[in-house]
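Just so you know, we're using the numbering used here here: the sequence shown kicks off at 1101 and counts up by one. Here a beta-carbon is modelled for each residue, glycine too, at the ideal position from N, C-alpha and C. Okay, so here's the structure we're looking at.
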Amino acid sequence: MVAEELLRGLEGLGLEIREALYERQGFWFDIHCPRDRIVEVAEAFDEKGYWIEDVLCVDWRERLELLYHFNHWEDPRRLSVRVQVDPADPEVPSICKVFPGAGWHEREIHEFFGVRFKGHPNLAYLFLHDEIDFYPLRKDRVPIPEEDKRLLTSMDFSPEEEDAFWINMGPQHPSTHGVLRLILKMRGEYIERAEPVLGYMHRMQEKMAEVRTYAQYYPNTARLDYVGPLAFSQCFVGAMERLCGLEVPERAQVIRTITLELNRIASHLLWLGTFLLDLGATTPYFFAFDDREQILDLMEGLTGARLTFSFFRIGGLYEDLNDGFLEGVARFIERMKKRFQIYDDLVTGNIIFVKRTKDVGVIPREVARRYGATGPTLRGSGVAYDVRRSEPYAAYSDFPPEVVVRQEGDSYARYLVRLEEIKRSLMVLEQAIERVPEGPFRLQKTPKKPVPGEVYFATESPRGQVGIYIVSDGTDKPYRLKWRSPSFSNLAAFTEVVKGQLIADAVATLGSLDLVIPEMDR
């Protein structure tokens, strides 16, 4: 196996390697690394074909701890690398030259914890403004030095050459579907460099988690990705159930799977309509929203909400199925099967759509790996990786979806992947609605204070892999909570593939990623 080969190589570096309890912690191995060897360790992971899921920081007051989570497409076992940092000398070598996708994670840690990453080309703020005087996620009030308050917008964007110029795309641009700003360096109509400016919708989600009980924070999970909220809700409750060692009733798990797949289809339909609208096609937009409306009506009848469904609970569900829900899902499945021919006629073979998307925004497999791209963005680049199969949750071990893959890596491939994924979701729904077992829909009693420990949990949202890392200190509030959002890493990959594109093609490329800004900004 790949992990064992890697670990044998790392043992030669004198690292401390411990086997972790995946069923309780969410990762397989714990690797303790001196900070001056982290680049060497990252290179070893890179050589074996690993991709970086997340980089995060925990403030233990007497020390800062960096955690690097790595995973592998062919051997999907999460490995955690830990680096201890002295708060009096918080400098660590950057690994962004090995894994460029780590660069944004390092910038986030720098602005929230004050860790300086040596060798990082640009430690400007991602989310904060320059009037915040203390590191927000440090446990003590540690002042931010003035020289560290570097905003991307305050950098020198004067053109280096006479025929180059900078333009703003956003933050109020219809194709970003939210307040996202892209600073583009242009040479004529071609893009030479793209610098996203994030944070317009930053709400300090992770700080809010530290001052609220687990139950109080739960509704926030549905406000991160308002288009596909159930994947984030499942991630949170799944992490808590893993940490507490809870066995969720089978009925609740199957119902979760049904609602998750309905939510996935609704999200893909929203993306389909708005993506085509970005490219000038109006008619398919109305068809897609008409189909999505059927799902929203079903979910409203079940949960009382049309977008931010706070339907899951730690240990099960808020409520059992209402009368007629499964019959309504069955009717939707039969209706949706007949609609694919309409989308094929309107979109798939449309010469204008094909010209706007084929060979546009190509994300090579290697770029996707080194930036940590996931979801349809990754599967459109030829990688059959889906958390629902690699780390099954809910009832996906009983209803494993077929993974849809395209090799081209362009915007057209990402469209085909999502359209085909809707069909695969219908297949999962067909099986699940026929096999909803009798029994309780939630546990009668769940702990308000989980045992001390740490846990990582991952789910597959419509945009890619969602991850959550929670540290419990035995109280009713998280000591540390960190989200991994798929749009964050997918947008980082966009900055690489957009180079050399026409600005009109950047709209198609950006739209094909299906970004949700609140999920990215947190």
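> Over what stretch of residues does the alpha helix (DSSP H) that includes Asn1590 continue unbroken?
Replying inline: Within the sequence shown, the letter at position 490 stands for residue 1590. Per DSSP, Asn1590 belongs to the alpha helix (DSSP H) from 1586 to 1597.
> Roughly how many angstroms lie between the CA atoms of Gln1531 and Asn1450, to the nearest whole one?
Replying inline: Residue mapping note: residue 1531 aligns to position 431 of the sequence shown, counting from 1. Residue mapping note: residue 1450 aligns to position 350 of the sequence shown, counting from 1. Their Cα atoms are separated by approximately 33 Å.
> Relative to the alpha-carbon of Asp1459, which residue among Arg1135, Tyr1290, Gly1201, Ala1608 has its alpha-carbon at the smallest distance?
Replying inline: As a position in the sequence shown, residue 1459 is number 359, starting the count at 1. Measuring from the Cα of Asp1459, the nearest candidate turns out to be Ala1608.
>> Helix, strand or coil for Glu1292? Go by DSSP, reduced to three states.
In response: Indexing the sequence shown from 1 puts residue 1292 at position 192. Glu1292: strand per DSSP, three-state reduction.
> What distance in whole Å lies between the Cβ atoms of Lys1239 and Arg1161, which are believed to be in contact at a cut-off of 8 Å?
Replying inline: Indexing the sequence shown from 1 puts residue 1161 at position 61. Indexing the sequence shown from 1 puts residue 1239 at position 139. Arg1161 to Lys1239, Cβ: 5 Å. Contact.
>> Across the segment 1518 to 1529 and the segment 1300 to 1315, are there enough close Cβ pairs to call them in contact, namely three or more that are closer than 8 Å?
In response: no
>> Quick check on Ile1267: buried or exposed, where buried means 16 or more other Cβ atoms within 10 Å of its Cβ?
In response: Locating residue 1267 in the sequence shown gives position 167, where the first residue counts as 1. Under this definition Ile1267 is an exposed residue.
> Are Leu1343 and Phe1332 touching if we call contact CB-CB under 9 Å?
Replying inline: Working through the sequence shown from its first residue, we reach residue 1343 at position 243. Working through the sequence shown from its first residue, we reach residue 1332 at position 232. With contacts defined as CB atoms closer than 9 Å, Leu1343 and Phe1332 fail to qualify as a contacting pair.
>> To test your reading of the DSSP string, which unbroken alpha helix (DSSP H) runs of 4 or more residues are found completely within the segment 1536 to 1568?
In response: none
>> On the DSSP letters alone, give me the boundaries of the alpha helix (DSSP H) that Asp1397 sits inside.
In response: In the sequence shown, the residue the question calls residue 1397 occupies position 297. 1383 to 1403 is the extent of the alpha helix (DSSP H) around Asp1397.
> If you draw a straight line from the C-alpha of Val1524 to the C-alpha of Pro1187, how long is it?
Replying inline: Stepping through the sequence shown from its first residue, residue 1524 is reached at position 424. Stepping through the sequence shown from its first residue, residue 1187 is reached at position 87. According to the sequence provided, residue 1524 is Arg. The question's Val does not apply to it. Per the coordinates, the alpha-carbon of Arg1524 lies some 49 Å from the alpha-carbon of Pro1187.
> Mind checking whether Ala1339 and Leu1446 have CB atoms under 9 Å apart?
Replying inline: For this step, residue 1339 is matched to residue 239 along the sequence shown. For this step, residue 1446 is matched to residue 346 along the sequence shown. No, these two residues do not count as a Cβ contact at 9 Å.
>> Bridge partners for Cys1157 per DSSP, in chain order?
In response: Here the question's residue 1157 lines up with position 57 in the sequence shown. Answer by DSSP bridge pairing, in chain order: Leu1166.
> In chain order, what residues of the same chain lie with their CB nearer than 6 Å to the CB of Arg1506, ignoring the 5 residues before and after it?
Replying inline: By one-based count along the sequence shown, residue 1506 stands at place 406. Around Arg1506: Gly1480, Ala1513, Leu1516, Val1517.
>> Does the distance between the C-beta of Gly1564 and the nearest non-hydrogen atom of the ligand ATP fall short of 8 Å?
In response: The ligand ATP is absent from the structure shown, which contains no ligands of any kind.
> Roughly how many whole angstroms lie between the Cα atoms of Thr1283 and Val1337?
Replying inline: Position 183 of the sequence shown, counting from 1, holds the residue named residue 1283. Position 237 of the sequence shown, counting from 1, holds the residue named residue 1337. Reading off the sequence, residue 1283 comes out as Ile, not Thr. Roughly 38 Å separates the two Cα atoms.
>> Considering only their Cβ atoms, is the gap separating Met1399 from Leu1362 smaller than 9 Å?
In response: By 1-based counting over the sequence shown, the position of residue 1362 is 262. By 1-based counting over the sequence shown, the position of residue 1399 is 299. Yes, Cβ-Cβ distance for Leu1362 and Met1399 is below 9 Å.
> Taking the C-alpha atoms as reference points, what is the distance between Ala1593 and Arg1207?
Replying inline: Taking the first residue of the sequence shown as 1, we reach residue 1593 at position 493. Taking the first residue of the sequence shown as 1, we reach residue 1207 at position 107. Looking at the two C-alpha atoms, the distance is approximately 16 Å.
> Looking at the structure shown, is Tyr1493 part of a helix, part of a strand, or coil, going by DSSP?
Replying inline: Locating residue 1493 in the sequence shown gives position 393, where the first residue counts as 1. Three-state DSSP puts Tyr1493 in coil, outside helix and strand.
>> Short of 8 Å in beta carbon distance, which residues of its chain neighbour Asp1233, apart from the five on each side in sequence? Order them along the chain.
In response: The count along the sequence shown starts at 1 and reaches residue 1233 at position 133. So the qualifying residues of the chain are Pro1243, Ile1244.
>> So the candidates are Leu1478, Phe1453, Thr1457; which of them puts its Cα closest to the Cα of Arg1465?
In response: What you label residue 1465 is simply residue 365 of the sequence shown in a count that begins at 1. Among Leu1478, Phe1453, Thr1457, the Cα nearest to that of Arg1465 belongs to Leu1478.
> Roughly how many whole angstroms lie between the Cα atoms of Ser1180 and Lys1549?
Replying inline: In the sequence shown, the residue the question calls residue 1180 occupies position 80. In the sequence shown, the residue the question calls residue 1549 occupies position 449. Ser1180 and Lys1549 have their C-alpha atoms spaced approximately 25 Å apart.
>> According to DSSP, simplified to helix, strand and coil, what is Asn1450?
In response: By 1-based counting over the sequence shown, the position of residue 1450 is 350. Reduced to three states, the DSSP call for Asn1450 is coil.
>> As a quick exercise: from Met1101, Gln1125, Arg1137, pick the residue whose alpha carbon is nearest that of Leu1115.
In response: As a position in the sequence shown, residue 1115 is number 15, starting the count at 1. The residue with the shortest Cα to Cα distance from Leu1115 is Arg1137.
>> If I measure Cβ to Cβ from Gln1369 and keep anything under 6 Å in the same chain, skipping five residues before and after, which residues do I get?
In response: Here residue 1369 refers to the residue found at position 269 when the sequence shown is read from its first residue. The displayed chain sequence assigns Leu, not Gln, to residue 1369. Ala1388, Asp1391, Arg1392.
> What is the DSSP secondary structure of Leu1179, counted as helix, strand or coil?
Replying inline: Translated into positions along the sequence shown, residue 1179 becomes position 79. Assignment of Leu1179 by DSSP, reduced to helix, strand and coil, places it in the strand class.
> According to the Cβ coordinates, are Leu1376 and Pro1384 closer than 9 Å?
Replying inline: As a working note, residue 1376 is residue 276 in the sequence shown. As a working note, residue 1384 is residue 284 in the sequence shown. Their beta carbons are under 9 Å apart, which means Leu1376 touches Pro1384 by this criterion.
>> So if DSSP puts Glu1191 in a beta bridge, which residue, or which two residues, is it bridged to?
In response: The residue labelled residue 1191 in the question sits at position 91 within the sequence shown. Within the DSSP bridge table, the entry for Glu1191 names Arg1216 as partners.
> How would you label Arg1118, buried or exposed, when you count the other beta carbons within 10 angstroms and need 16 or more for buried?
Replying inline: The sequence position of residue 1118 within the sequence shown is 18, counting from 1. Answer is exposed; the Cβ neighbour count stays below 16.
> Are there 16 or more other CB atoms within 10 angstroms of the CB of Val1198, so buried, or fewer, so exposed?
Replying inline: Locating residue 1198 in the sequence shown gives position 98, counting from the first residue. The residue is buried, with at least 16 neighbouring Cβ atoms inside 10 Å.
>> Rounded to whole angstroms, what is the Cα-Cα separation between Ile1131 and Glu1165?
In response: As a working note, residue 1131 is residue 31 in the sequence shown. As a working note, residue 1165 is residue 65 in the sequence shown. The alpha-carbon atoms of Ile1131 and Glu1165 are separated by roughly 13 Å.
> Looking at the unbroken alpha helix (DSSP H) that takes in Phe1145, where does it start and where does it end?
Replying inline: Translated into positions along the sequence shown, residue 1145 becomes position 45. It spans 1138 to 1147 - the alpha helix (DSSP H) in which Phe1145 sits, taken as one unbroken run.
>> Quick check on Phe1129: does DSSP put it in helix, strand or coil?
In response: Against the sequence shown, residue 1129 aligns to sequence position 29. It is a strand residue.
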